[in-house]
Every structure is written in structure tokens, then in C-alpha cells.
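S.K.:
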Ligand code: SRM
Ligand SMILES: Cc1cc2nc3c(=O)[nH]c(=O)nc-3n(C[C@H](O)[C@H](O)[C@H](O)COP(=O)(O)OP(=O)(O)OC[C@H]3O[C@@H](n4cnc5c(N)ncnc54)[C@H](O)[C@@H]3O)c2cc1C
Ligand code: SF4
Ligand code: FES
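Chains as they are written, first to last, in my numbering: chain A, 30 to 144; chain B, 109 to 950.
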């Protein structure tokens, strides 16, 4: 879970153009793998790149979409869906992946760091 | 008549359910008043852990907005009832409110038991029961590295999961020799422990804590009776629950020896005007620490107060949970305590599964069982047990992976109408069937109107099965809409794309869909666009639509690496090509294997290696084999008349020609083909989507065969064709299939649904009964003409190659990928080996 109040600094990881609309990329942030998604032209979301169902670091490569208006990504391995806002798994409520604070400053995409 | 006061103490899960029931059944006669000690109205304690995953207190709330206002229920939030005066029939609260009651309901729940260990109140010790507890743990954990859960039961393991997700090195300390001692037997406990340790949680069984040692007033380490110690920063006690019966004790209500407010089958306490429900109530010397029995009690008490008749008759303590990613289910007489009971156990140490059925002496009925590692059979088994349905002759089939083609015949259809399908909300099969008949034809609506599946969720697969079978029985057409974003079938979308010349997914979504799309419609539309226009699939508007494998033009493997399959038309491979393949494999450390499709697969390529590998393969004359696409895969061949003494035609040359013609053709599902040189059929053409067998006079064309999951022989479409006619018929056949099949429907499945069957197909393809053959041929001609090797297009453009990196901000590889050697080649390690490796490294 991220909370903006605990973000101590922001790390620029790429520019907006590095992420094609409705796709994701993976960024290395403080040793963690963060999957960043660009939904539509300018909504950004960041969650853990780790897929808890396959134990592989691949969520950034999933298909982005929505369920009932909630933005989500489907894991490329076994297709479980994760809510991009909360990291919750739609298909198994007992599973949730971490979310990260993400923002855009001008054209830069930044992830919130806690240290 | 003036309304009388009905007071409920405790606004937890059960107290709230009781109020809902009262509103449903007869609130008009009563003033409902409730005391809620916590600072918020009832919330979903069962899913408390999701709070750490970002769910807010609001998300967890069980109370519909304005429920209390709309139903004139007086609620005292943040006020605790401290005394009951039974003579005056009054409840007195901490804030000094006094309320008279006619009837009183105690729903005070329970509190976590903290063993009397020296140092148990040190800073850094917690319990796990309320949102406040979780807030406190979350805040404290920020300054911690290690966390220990005391207690390896259900809740303890759930709590361990939470600690692990908070990033702590997590330990579970259990007093008993195994985990989940209440639900699981020794063998199951060992397996559970193994599964959980694989995930990285360390389990210490048979450990009794004697002291918690502090340093600077914070938790520092634990001491155990066996003299060992464990360093830790944080401790959560999860060593069982105790009913909150203090308020009942002090007003003289009868309580059990070990706590709990004694109730009868109407949920009345020793005072007939006072009821107790939920975890504070003791029925026949038993506390029910689960929500479903509490809900049943709430219903019974509400019924009784409103003058209806229903009784509490104890409850089933069956549970199914996913703990730390491991399925665990335990039901009925799991320990085979019934005299004469027999056990059937299947343990698979490799899969990490343990399954046990307990069966009565006669072998006819199921008494209970345990499932660990894989619990999909739980719903069915529970029904068989609860309804005493006679077991099939080989009960072990119920827990074995289904024997091919066999069904045990114990599905939902065989359940009686009274079967309880959802035990959380007590919904019967009859109630669900009725709801379906009244128009609840999708799972969402069905859940809403019956509440089935809205508790633990364990019954959802059964509810879905029931829905399907009811719809089918009612002859209701199951809608063929692609998904929530398109109210069209695949065929309709294909037609729209072609007729309106739609070029992109966004265009189609804007004109004919809603929302943003999903993993169902995006690849389906990507495939339609490719079949229609044959543009490069990784062009910016298409790249994000592609299914997993298409997205990186390779097949993803379980560890996130990829496999590479170059095209080997007809299976013909020169020695130089073989050498080239070997060189590439060697250079990149790839595992090589001959596939079932007469070609070579190179496994274990990291995403950033893919363009490098393909550069070399293309230089050696290879091209993409589309093993990743719903596209033409292989055209297998036999050596035919070129070498074989029986061959009547040159099957290899034809196979190569056919493969090159249709390479890259995208379709609703993959397409496979083969060409055999004579009727001995060494290329297995009759198991293919289209297969060709040589005859003395030419070629026989077979269509709609399938290997794989449901093998089916292909059928003869036309005989003794010359090559030109053969190709023309295949063009038509494939394009007709692409036009009309559903998403992910192989030709065999498509054919089986085709009205008119083979006669109809012959009319369309051979006699052009629909007058579309010219169109179909032209469409295919466009495909053949516009073919380009996707990998060649990719590596020639640096902008396209940029997608093939693991990190957007670093050139590093994914450090998680670890391979080890087996039989002289690499393979990805298994999760359990990962731990071994980190151990030996330490
Ligand atoms: C590599 C190979 C196995 C091998 O080591 O030999 C293989 C591997 C896979 N097969 Fe297969 N199949 C392979 C030959 C077959 C065959 C035999 C054949 O083609 O002659 C069949 C049965 C024939 C048939 O398809 O009718 C076969 C029937 C399946 C099926 C079931 C299809 C069906 O209609 O029932 C699937 C699942 C699916 O496609 O939905 C599948 C799916 C898969 C997938 C794609 C599973 C996945 O999603 O990861 C595997 C990944 C391949 C990879 O990572 O490279 N594979 N698979 C074979 C590759 C052949 C090739 O050169 O392209
Ligand atoms: C983390 C966790 C996970 C769980 N998972 C599951 C699961 O998967 N499946 C399952 O079936 N069960 C599960 N349970 C158990 C389930 O939550 C309980 O069975 C259920 O909440 C019991 O409901 P209740 O209303 O009796 O008690 P509670 O929900 O505890 O409600 C009692 C309420 O009464 C209040 N109260 C007490 N005394 C007073 C007073 N004097 N005045 C005013 N208010 C008072 C308390 O503050 C509390 O809010 C879980 C529990 C926890 C903590
Ligand atoms: S199918 Fe016929 S030609 Fe081909 S290898 Fe077998 S026997 Fe020989
Ligand atoms: S059985 Fe728990 S939701 Fe139905």
C-alpha cells in the first residue's frame, strides 16, 4: 500500500513517450520492480511487477483494460486481473499486489520513494 | 400499539446481520437500538486483511449507505454497553445512556486470546481483530524487519501473510506439532508447512514461548521452552479467541465453564428476553468462530422475536481458505473419528497437494475430508457430505484429477433442490434456480439477488455451474457477446471491421463498444484486424492489444523468459540450418528441444535477448514460426515419394509450399496442417485443421480435425484434387472459418456447431452456394501478398527493438530469473529450489 504522505522523494524513471498508450513498462526503483501503466493518453498507475500467481516479474507485460470502469491489468501468465488503483486481484480477493505512488511532471514519469 | 424497544449490544458482523434480518422480517413492531463500541459501524472482519492491500474502512463496511437512518435504527457509535439491569430491563452505556428494553440481543463477539507470557505487553506486540489493530501494526511495521505470529491456526497464517506483504521477514510460532491443528491432520500439516515455507514464511512448530525480551522498551527477541531464541521486532498474537461474555456474567446470565453465553436452539440465553448470537454465544458447549454460523443465529433470533419458527441446530465448521496462496479446506469429520470410518488419501509431494476423504463404514457416504494445495473439489464434496448423496463406486475419483473423458456424474445436476449451495448465506439450489428462472442470467445479478457467493466466495464455481446448467435447461440462449465491452459476437465484429474498413481497436471501441477493453476483446480484435488487414502486429495502435505471446513475438514461460521457434516449413531442415540453430542456442544458453510439430524450440531467452537471437537466426535464413500466434503453426510432412518406397506423391514439397502460403495467417485460433505421401498417413494429416493425403490421382483434402484436448478426426471435404484446386479450396475454407468462428474456436469445435455439417460446408466451399468464394479467395490473396516476417520487421527498426527490455530505466536483466542445469542443458528453477539456493549461498 502506498500513501502519499510517506513519499520522501520522487524518482524519474522515463518519459511519457516511453510508455505507449494502454501498455506498461517495468522500472527499477530502489531495487524493486515497479510496473507502470499508461491508461488512455495520460492516466498513470504503478503496481508491483511481481505476479503472485506465477512468481514471475511480468505484470508490466499484461494487457491493460477495465472491468466495470475500473482500470486493470491481466497477468500475462495465467490471466488473473489486478485492479490498477488498489492492486487487488479481481479473481482472488485474498491476493493483492503492492501499489506505488506515480506522478507526471511535464513529460517525466516519476515514482514515489519512501527512503 | 406503541412500538417496543429491541436493543442489540455489539455492531459487528453478526449484530448487523441481525438488524438486517429484523428490517426484512418485522421491524415495524420494534424500535431498533444498537450499541457499537467501535468507532465505525459494522465492517467485514473476514476480509480484514485486504485493508493492508489498500481497501479502506469504507470498502470494508457492511452497511448500505443510510441503512440505519432509512430504517429508523438508533445507533450509538463509539459507545459501549457496560451494564445490564435485568430487573429494570435496562441497558446502561459507558457514556451514561440508559435504555429500556423489551428484548435484548447480545452480539458482542470475541476478543483475541493473549497467552500469559512474561513481556506480552511490551511495545511491539499486537493482536489482529479490528481495523485499529491493523492500523497500529502497519504503522509499527515501518520500523521493523522481522515479525512473528504466535499461533499457527487459520487466523495466524492469514496474519503471517499480512506481515509478509508488509515486507517483514515472517515467522510463525506454533505450540502444537503442526499448523492448523484444529482442521488438518499430521500428514496434511507437514505438507501445509512445506507449501508455506516455499513462500518464504518460516514455520516453527512445537514451540512454546516463555518470555518476550525487550530492548529499549521495544520487542527484541522471544525465548522458548526448549531454550532456543528468535530475534524479532514485532509480535502478533493469534492464539485463539475468547467470547466476550463479561457483561452477561455480571448480570447473572448463565455462561459456560470456559466462557461463552449459553443459548438454546432459539438463541435465547438463560433469560428468555435476552438472546445471544455470534462468537459470544455458546451452543451445546460450543463456540462457533466463523461468520456463517453467526449469520444463522442472527436469522434464528430475528425469526423467533418476530414470532416465526426456525431453530439453530449447530453448524458445520467446514472451511476453505487460501492461506499464503495455498488452498486449504477441511470439512466434516476430517479426523475420521466416526466409528468404522475409512480414509482415502492421495498425497502428491511434487504438486504439493494432499487430499483425504473420510467415508463411512459402508463406503456409501462422505463424512468429511481435508484438501491441501488444491481444493477445487471442495464445493462439490461439501454438498455430497451435507446431503448424504450416495457416492460413486470409486470415491477416489472425486479427488483424482478427472480421468479423461470421464465425469463422475456428481455435478450440480445430481444435487437435490434443498441442497445448500452457499453456506455463508444459506442459499439453496432451489433458490438459485428460481432466481435464474426469474431472469438473473449472469453471475453478478445472481449474486446480488440471492446473496450466494458474497461471503467467502467458495461457492462461486458451484453457483456458476448451476447457472449454466439452468440456462441450458431453460433453453435460454447464452449470449454470445464477446465481453462487457462489446455487445457483439466475434463474427459480428469481424463483419463490422471488414465492411466499415475499421483499422484500429480504438476506432472499433468508439463506434461499437464501451469502456477500455480487456484481455478478452483486445486480442480477439487484434486477431480480426490482422486477418483483415495484415498490418504489423506491434505497430503502436496494435501492440497493447496483443495476447501475451504475440506481444513479444515469442512464447512466455513460467519464469517470464521466452521460447523461440523459427519456422521450419514442412519440417525440412538442412544440416547448416541445424548447426546455425545449435550455435545460437549455445551462445545464449538456450534449452533446445524437438517439438511435436516437427521443428526446434529454443527455451529460456530473456526478453532483452530476443532481438539479438533473432538477428542471428534471420541472418542464418530463418523466419518467425508464429508459435506464439493464433495463426498457422506447422504443416507437418512425411518424406513421401522422394524417399519412401510407398509414397505416391511428393508430400514434402507440397507441405513446404502450403506452409509458405499460409504462414503468418492469423485466425480465431491456431491452425495446423500436415501432408502425407500415402494412405499410411505418417504425417497424421487427419488430426489437423486441414490435412492433405496423397492419392494415385492427386490429393484428398480433409478438414476440421483436432489433436489436443478433444481429439477428433478430420473429414473428407474433397477427393483426388489437382494442386491448384486443392489450394483454392483451402483458401476458401480457411477464410470462411476466419469469418465465422468464435474467439478461440478451433476448426473442429467450429465445425461441430455448424448447422448442416459437412454437406453444408461442401456446398459453401465446393459449390459456392453463398456466392462468397471470389471474395474469400481475394481476401486470402491479400494475406499471401502482404506477408512479412514479423521478426525481420522488428529487428530492422531500433524503435521497435526498444520494447524488448526488462526495465525502462536500466539495462539490467530481471534478477529473479535463475536457471540451473539438468541433463546438460538449462531449465528454470522451481520455487522450492530458490530457497535451497539462497541457503547454500548464505
Ligand atoms: C512446443 C510444443 C511441445 C513440444 O515440446 O513438442 C507445444 C507447446 C505448447 N503447446 Fe502444444 N505444443 C506442441 C505441439 C502440439 C501438438 C502436436 C502437433 O502440433 O502436431 C498438439 C496436438 C495437435 C493439435 O493442436 O490439434 C498440441 C496441442 C496443444 C493445445 C490443445 C489444442 C486443442 O485444440 O485442444 C494447446 C492449448 C491451446 O492451444 O489452447 C497447446 C498449447 C501449447 C503452448 C502454447 C502452451 C502455452 O500456452 O504456453 C505450449 C507453448 C510452446 C512454447 O512455449 O514454445 N498445444 N501441441 C509443440 C510445438 C509444436 C510446434 O512446433 O509448433
Ligand atoms: C482477521 C480475521 C479473519 C477472519 N476470517 C474468517 C473467515 O475467513 N471465515 C469466517 O467464517 N470467519 C472469519 N473470521 C471470524 C469472523 O470475523 C467472526 O466469526 C465474526 O466477525 C463474528 O461476528 P460477531 O458479530 O459475533 O463478532 P464481531 O464481528 O467481533 O462483532 C462484535 C462487535 O461487538 C462489539 N462489542 C463487544 N462488546 C460490546 C459492548 N459491550 N457494547 C458495544 N459493543 C460491543 C465489538 O467491539 C465488535 O465490534 C475472521 C476473523 C478475523 C479477525
Ligand atoms: S505416409 Fe506413406 S509415403 Fe509417407 S512415409 Fe508413410 S508410408 Fe511413406
Ligand atoms: S459459501 Fe461462502 S459465499 Fe457462498
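Just so it is clear, CB atoms sit at the ideal spot from N, CA and C, and this is done for glycine as well. For clarity, every value in this text was computed on a predicted model and none was experimentally measured.
Give, in chain order, every residue of the stretch 583-610 of chain B whose Cβ lies closer than 8 Å to some Cβ of chain A.
M.R.: 592 and 593
S.K.: Residues bridged to residue 783 of chain B by DSSP?
M.R.: Residue numbering aside, residue 783 of chain B sits at position 675 when the second chain is read from its first letter. DSSP output for residue 783 of chain B lists B:745 and B:800 as bridge partner(s).
S.K.: Would you say the stretch 139-148 of chain B touches the stretch 224-236 of chain B, given that touching needs at least three Cβ pairs under 8 Å?
M.R.: no
S.K.: Look up residue 376 of chain B in the DSSP assignment and give the residues it is bridged to.
M.R.: Along the second chain, one-based indexing puts residue 376 of chain B at 268. Looking at the DSSP assignment, residue 376 of chain B forms a beta bridge with B:383.
S.K.: Is there at least one non-hydrogen atom of ligand 2 closer than 6 Å to the beta-carbon of residue 870 of chain B?
M.R.: As a position in the second chain, residue 870 of chain B is number 762, starting the count at 1. Checking the Cβ of residue 870 of chain B against ligand 2 gives no.
S.K.: Report the rounded CA-to-CA distance for residue 851 of chain B versus residue 658 of chain B, giving the unit in angstroms.
M.R.: Locating residue 851 of chain B in the second chain gives position 743, where the first residue counts as 1. Locating residue 658 of chain B in the second chain gives position 550, where the first residue counts as 1. The alpha-carbon atoms of residue 851 of chain B and residue 658 of chain B are separated by roughly 16 Å.
S.K.: If you drop the 5 nearest sequence neighbours on each side, which residues of the same chain put their C-beta closer than 7 Å to that of residue 625 of chain B?
M.R.: Here residue 625 of chain B is taken as the residue at index 517 of the second chain, counted from 1. Result list for residue 625 of chain B: 593, 613 and 617, in chain order.
S.K.: Helix, strand or coil, according to DSSP, for residue 118 of chain A in the structure here?
M.R.: Your numbering for residue 118 of chain A matches position 89 in the first chain. Residue state, collapsed to three classes: strand.
S.K.: Would you mind working out which of B:169, B:558, B:633 and B:526 sits nearest residue 543 of chain B, comparing C-alpha positions?
M.R.: One-based indexing of the second chain puts residue 543 of chain B at position 435. For residue 543 of chain B, the nearest C-alpha among the options comes from B:558.
S.K.: Quick check: the stretch 266-274 of chain B against the stretch 301-310 of chain B, are there 3 or more CB pairs under 8 Å?
M.R.: yes
S.K.: Assign residue 698 of chain B to one of three DSSP states: helix, strand, or coil.
M.R.: Stepping through the second chain from its first residue, residue 698 of chain B is reached at position 590. Coil.
S.K.: Hey, is residue 161 of chain B close to ligand 2, as in C-beta under 6 Å from one of its heavy atoms?
M.R.: Translated into positions along the second chain, residue 161 of chain B becomes position 53. Outside the cutoff, so no.
S.K.: Check for me: the beta strand (DSSP E) holding residue 808 of chain B runs from which residue to which?
M.R.: Residue mapping note: residue 808 of chain B aligns to position 700 of the second chain, counting from 1. It spans 807-811 - the beta strand (DSSP E) in which residue 808 of chain B sits, taken as one unbroken run.
S.K.: Excluding sequence positions up to five away, which residues of its chain have a Cβ less than 8 Å from the Cβ of residue 188 of chain B?
M.R.: Translated into positions along the second chain, residue 188 of chain B becomes position 80. Cβ neighbours of residue 188 of chain B beyond the five flanking positions: 143, 145, 201 and 202.
S.K.: Taking C-beta pairs closer than 7 Å, name the residues in chain A that residue 549 of chain B reaches, listed in chain order.
M.R.: As a working mapping, residue 549 of chain B is identified with position 441 in the second chain. Ordered by position in chain A, no residue passes the 7 Å Cβ test against residue 549 of chain B, which lies about 17 Å from the chain.
S.K.: Can you find a heavy atom of ligand 2 that lies under 6 Å from the Cβ of residue 232 of chain B?
M.R.: Taking the second chain and counting its residues from 1, the one referred to as residue 232 of chain B is at position 124. With a cutoff of 6 Å, residue 232 of chain B does not count as near ligand 2, since its C-beta is closer than that to no heavy atom of the ligand.
S.K.: Since I believe residue 888 of chain B is in contact with residue 922 of chain B (beta carbons under 8 Å), could you give me their beta-carbon distance rounded to a whole number of angstroms?
M.R.: If you number the second chain from 1, residue 922 of chain B lands on position 814. If you number the second chain from 1, residue 888 of chain B lands on position 780. In this structure, residue 922 of chain B and residue 888 of chain B do not form a Cβ contact; the two beta carbons are roughly 41 Å apart against a cut-off of 8 Å.
S.K.: Using a Cβ-Cβ distance cut-off of 7 Å, determine whether residue 30 of chain A contacts chain B.
M.R.: Translated into the one-based positions of the first chain, residue 30 of chain A becomes position 1. Unreliable positioning characterises residue 30 of chain A in this predicted model, as indicated by a pLDDT of 48, which lies under 50. The coordinate reading is nonetheless provided below. It does: the Cβ of residue 30 of chain A has a partner Cβ on chain B nearer than 7 Å.
S.K.: Contact check, residue 93 of chain A vs residue 119 of chain A under 8 Å by CB: the rounded distance?
M.R.: Taking the first chain and counting its residues from 1, one reaches residue 93 of chain A at position 64. Taking the first chain and counting its residues from 1, one reaches residue 119 of chain A at position 90. So it is not a contact: roughly 14 Å between Cβ atoms.
S.K.: For residue 456 of chain B, which option in B:433, B:481 and B:467 has the closest C-alpha, if you only look at C-alpha atoms?
M.R.: In the second chain, the residue the question calls residue 456 of chain B occupies position 348. For the residues B:433, B:481 and B:467, the minimum Cα distance to residue 456 of chain B belongs to B:481.
S.K.: Against chain A, does residue 162 of chain B count as a neighbour if the rule is that its beta carbon must be under 7 Å from one of theirs?
M.R.: Start at 1 with the first residue of the second chain, and residue 162 of chain B comes out as number 54. So yes, residue 162 of chain B belongs to the interface.
S.K.: Please tell me whether residue 149 of chain B and residue 116 of chain B are closer than 7 Å, where the distance is taken between their beta carbons.
M.R.: Looking up residue 149 of chain B in the second chain gives position 41. Looking up residue 116 of chain B in the second chain gives position 8. Going by C-beta atoms, residue 149 of chain B is not nearer than 7 Å to residue 116 of chain B.
S.K.: Kindly identify the DSSP beta-bridge partner or partners of residue 910 of chain B.
M.R.: Reading the second chain from its first residue, position 802 is the one you call residue 910 of chain B. According to DSSP, which records beta bridges pairwise, residue 910 of chain B is partnered with nothing at all.
S.K.: Check for me: the beta strand (DSSP E) holding residue 142 of chain A runs from which residue to which?
M.R.: As a working note, residue 142 of chain A is residue 113 in the first chain. Its beta strand (DSSP E) spans residues 137-142.
S.K.: I'd like to confirm the pairing. Which residues does DSSP put opposite residue 75 of chain A in its beta bridges?
M.R.: Here residue 75 of chain A corresponds to residue number 46 of the first chain, with the count starting at 1. Answer is A:65, bridged to residue 75 of chain A.
S.K.: Do residue 744 of chain B and residue 679 of chain B count as a contact pair if the criterion is CB distance below 7 Å?
M.R.: In the second chain, the residue the question calls residue 679 of chain B occupies position 571. In the second chain, the residue the question calls residue 744 of chain B occupies position 636. Yes, these two residues count as a Cβ contact at 7 Å.
S.K.: When the cut-off is 7 Å and only beta carbons count, does residue 937 of chain B lie next to chain A?
M.R.: Taking the second chain and counting its residues from 1, the one referred to as residue 937 of chain B is at position 829. Chain A, which has no Cβ nearer than 7 Å to the Cβ of residue 937 of chain B, makes this no.
S.K.: Would you mind giving the Cβ-Cβ distance between residue 143 of chain A and residue 36 of chain A, rounded to the nearest angstrom? I have them listed as a contact below 8 Å.
M.R.: Numbered from its first residue, the first chain carries residue 143 of chain A at position 114. Numbered from its first residue, the first chain carries residue 36 of chain A at position 7. Indeed they touch by this definition, with Cβ atoms about 7 Å apart.
S.K.: Does the stretch 669-686 of chain B touch the stretch 90-110 of chain A, meaning 3 or more C-beta pairs lie closer than 8 Å?
M.R.: no
S.K.: Is residue 231 of chain B buried or exposed, if buried means 16 or more other CB atoms sit within 10 Å of its CB?
M.R.: Position 123 of the second chain, counted from the first residue, corresponds to residue 231 of chain B. Exposed is the call here.
S.K.: May I have the straight-line CA-CA distance separating residue 806 of chain B from residue 465 of chain B, to the nearest angstrom?
M.R.: What you label residue 806 of chain B is simply residue 698 of the second chain in a count that begins at 1. What you label residue 465 of chain B is simply residue 357 of the second chain in a count that begins at 1. Going by the C-alpha atoms only, they are around 59 Å apart.
S.K.: Any chance you could list the alpha helix (DSSP H) runs of at least 4 consecutive residues sitting entirely within the stretch 528-613 of chain B, in chain order?
M.R.: 537-545, 551-558, 568-581 and 598-607
S.K.: Shorter than 7 Å from the beta carbon of residue 147 of chain A to some beta carbon of chain B?
M.R.: Residue 147 of chain A cannot be examined here, being either before or after the span of chain A that is shown, 30 to 144.
S.K.: Can you tell me which of the three DSSP states residue 476 of chain B falls into?
M.R.: As a working mapping, residue 476 of chain B is identified with position 368 in the second chain. Three-state DSSP puts residue 476 of chain B in a strand.
S.K.: State the Cα-Cα distance for the pair residue 449 of chain B and residue 666 of chain B, rounded to the nearest angstrom.
M.R.: What you label residue 449 of chain B is simply residue 341 of the second chain in a count that begins at 1. What you label residue 666 of chain B is simply residue 558 of the second chain in a count that begins at 1. Roughly 41 Å separates the two Cα atoms.
S.K.: Tell me the residue span of the alpha helix (DSSP H) that contains residue 288 of chain B.
M.R.: The residue labelled residue 288 of chain B in the question sits at position 180 within the second chain. Run containing residue 288 of chain B: none; DSSP gives neither H nor E here.
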